[in-house]
Amino acid sequence: MTACAPGSESGEPSPEITAGAAAEFPAGAAFDYQLGAAYALPDGVTVVTRDRTAEPASDAYSICYLNGFQTQPGEMHAWPEDAILRIDGEVRTDPDWPDEALLDIATEAGRTIVIDRVSTWIEGCRDDGFAAVEFDNLDTFTRSDGAISRDDAAIVATALVAAAHDAGLAAGQKNAAEHAAWLRDEAGFDFAVSEECAAFDECGTYTDVYGDAVMDIEYTDALPRPFAEVCGDGATPRATILRDRALVAPEDPDYVFEVC
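Residue 108 is where the sequence shown starts when you use the numbering used here, and the numbers rise one by one after that.
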């Protein structure tokens, strides 16, 4: 399916969602990834991810996006200074996203700040009516020059998954393919959200752990081959879509949305 114009609300049956009721994750269902803008669901879509500041879709299984291990662009000032990782006095940022600072989870005090704040966001997602949350930048420790350990990340991830489950929400791992096994087994994640697993030839790393409970987003500017071939590959997750990199709304001329 290709959508080049605003979609209508889905005519397909949707999961019965009650805030805090933790409906079972609909593995393999058609989904959309709407972090750039929230808009009416394309036909056939019954699962959608939106930012925590957006409203969930009333007729879909809605996933609440949370940047749990780095600051969002422009929001570093909203965090206590003790929560920001500094190395030799300099704020450590993500090399690919220099406007996102790494959160300092290397100490118990820092972990407490992060867990408490993100847990509050999780409760907000529940109260707004989301059915699940996904946590981004779980692999921040790999960008910290050793200042943050995998064990530090595991403590926080486990606490956040527990907070999600306590709130009645499913918890999703965002990216970090090489860490999928321990994130599922140790932290307790329920599903995975991958960006470009086909482009990076790592889809099997997710599906070996999560089976069909994997959502994959490929992007138009980094497709290794035609999207139809990606969809025809047995390694590609059942729930795979093609989007424009900026995740714009349908009225934008750069908008692209295709479903395997």
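The beta carbon of each residue, even a glycine, is placed where N, CA and C say it ideally should be.
- DSSP places L142 in no beta strand (DSSP E); its state is neither H nor E.
- In the DSSP assignment, A278 falls within the unbroken beta strand (DSSP E) covering 277–281.
- Taking the Cα positions, A277 is about 6 angstroms away from D297.
- Within the same chain, D351, A353, V355 come within 8 angstroms of D361 by CB-CB distance, once the 5 residues on both sides are set aside.
- In the DSSP assignment, I222 falls outside any beta strand (DSSP E) and within the unbroken alpha helix (DSSP H) covering 215–235.
- The three-state reading of DSSP puts T153 in coil, since its state is none of H, G, I, E or B.
- Under the three-pair Cβ rule at 8 angstroms, the region 158–170 counts as touching the region 230–250.
- Here I194 is exposed: its Cβ has fewer than 16 other Cβ atoms, across all protein chains shown, within 10 Å.
- A straight line joining the alpha-carbon of Y313 with that of E197 spans about 35 angstroms.
- Burial check for G341: the Cβ neighbour count within 10 Å stays below 16, so the residue is exposed.
- DSSP places Y362 outside both helix and strand once states are collapsed to three, so it counts as coil.
- Separation of Q141 and V155 (C-alpha to C-alpha, rounded to the nearest whole angstrom) is 7 angstroms.
- In the DSSP annotation of this structure, the continuous segment of the beta strand (DSSP E) that includes C171 starts and ends at 168–174.
- Check the Cα spacing between T247 and each of A164, H286, P163: the tightest is with H286.
- Residues E241, G279, K281, M322 of the same chain have their beta carbon placed closer than 6 angstroms to that of V300, with the five preceding and five following residues left out of the count.
- Within the region 313–340, complete beta strand (DSSP E) segments of at least 3 residues are found at 321–326, given in chain order.
- Per the coordinates, the alpha-carbon of R224 lies some 42 angstroms from the alpha-carbon of E336.
- Between A346 and A136, the CB-CB gap stays under 8 angstroms.
- In the DSSP assignment, R350 falls outside any alpha helix (DSSP H) and within the unbroken beta strand (DSSP E) covering 346–350.
- DSSP, read as helix, strand or coil, puts W289 in helix.
- For A274, same chain residues with a beta-carbon under 8 angstroms away, outside a window of 5 residues either side, are G127, I229, E230, C232, R233 in chain order.
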